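In the numbering used here, the protein residues as written are 729 to 871.
Right under this line is the structure:
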């Protein structure tokens, strides 16, 4: 008699999904596809220069990424306005960093997509910790 391995697999998936890091990476992967798809559309399909299309695509993905990170990855129930303000500050920093990294890759002759991937790797690392401990951190309420 063989035991069905599905409950163990399901249990592993449930355990993985219960961590904010796993949810952050899944949401981040979806957000990356959304962002790079917009970048491709703006730059490749419409011919908009990278210096304009890179930050534009990045900023247009703001609402999708914020909403999914807030509700899915970090399951935040805190007030929207404070976390949206902190997120906006982080987006501004990430926009400058992403634009500089993509431009640097292009300037040294690498495909813009390599620069975009490098930017995503860099921002993903610091974003997880900033999202968890600053943007979507649970705040203590004074009684």
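No residue lacks a Cβ here, since even glycine has one placed at the ideal position from N, Cα and C. These figures come from a predicted structure and were not determined experimentally.
Inter-residue spacing [alpha-carbon to alpha-carbon] between residue i and residue j
i, j, result
"residue 750", "residue 843", "24 Å"
"residue 808", "residue 773", "35 Å"
"residue 854", "residue 738", "30 Å"
"residue 767", "residue 826", "12 Å"
"residue 792", "residue 836", "32 Å"
"residue 814", "residue 864", "9 Å"
"residue 862", "residue 794", "14 Å"
"residue 823", "residue 783", "6 Å"
"residue 828", "residue 770", "18 Å"
"residue 866", "residue 806", "7 Å"
"residue 762", "residue 753", "14 Å"
"residue 819", "residue 779", "17 Å"
"residue 748", "residue 789", "21 Å"
"residue 804", "residue 830", "32 Å"
"residue 832", "residue 800", "33 Å"
"residue 758", "residue 764", "10 Å"
Where the alpha helix (DSSP H) through residue i begins and ends
i, result
"residue 866", "Segment: none, residue 866 is in no alpha helix (DSSP H) and carries neither H nor E."
"residue 795", "790-796"
"residue 801", "That residue, residue 801, is in no alpha helix (DSSP H); it is neither H nor E in DSSP."
"residue 767", "748-768"
"residue 859", "Looking at the DSSP string, residue 859 is not in any alpha helix (DSSP H), and its letter there is neither H nor E."
"residue 777", "First-last for residue 777: undefined, no H or E at that position."
"residue 836", "It is not in any alpha helix (DSSP H) - residue 836 carries neither H nor E in the DSSP assignment."
Distance between beta carbons of residue j and residue i, contact taken as under 8 Å
i, j, result
"residue 852", "residue 756", "6 Å"
"residue 860", "residue 802", "7 Å"
"residue 848", "residue 760", "6 Å"
Status (buried if at least 16 other CB within 10 Å, exposed otherwise) for residue i
i, result
"residue 838", "exposed"
"residue 798", "buried"
"residue 870", "Note on residue 870: pLDDT 47, under 50, position unreliable in the model; no value is reported."
"residue 694", "The requested residue 694 does not occur in the structure, where the chain is confined to residues 729 to 871."
"residue 796", "buried"
"residue 740", "exposed"
"residue 745", "exposed"
"residue 785", "buried"
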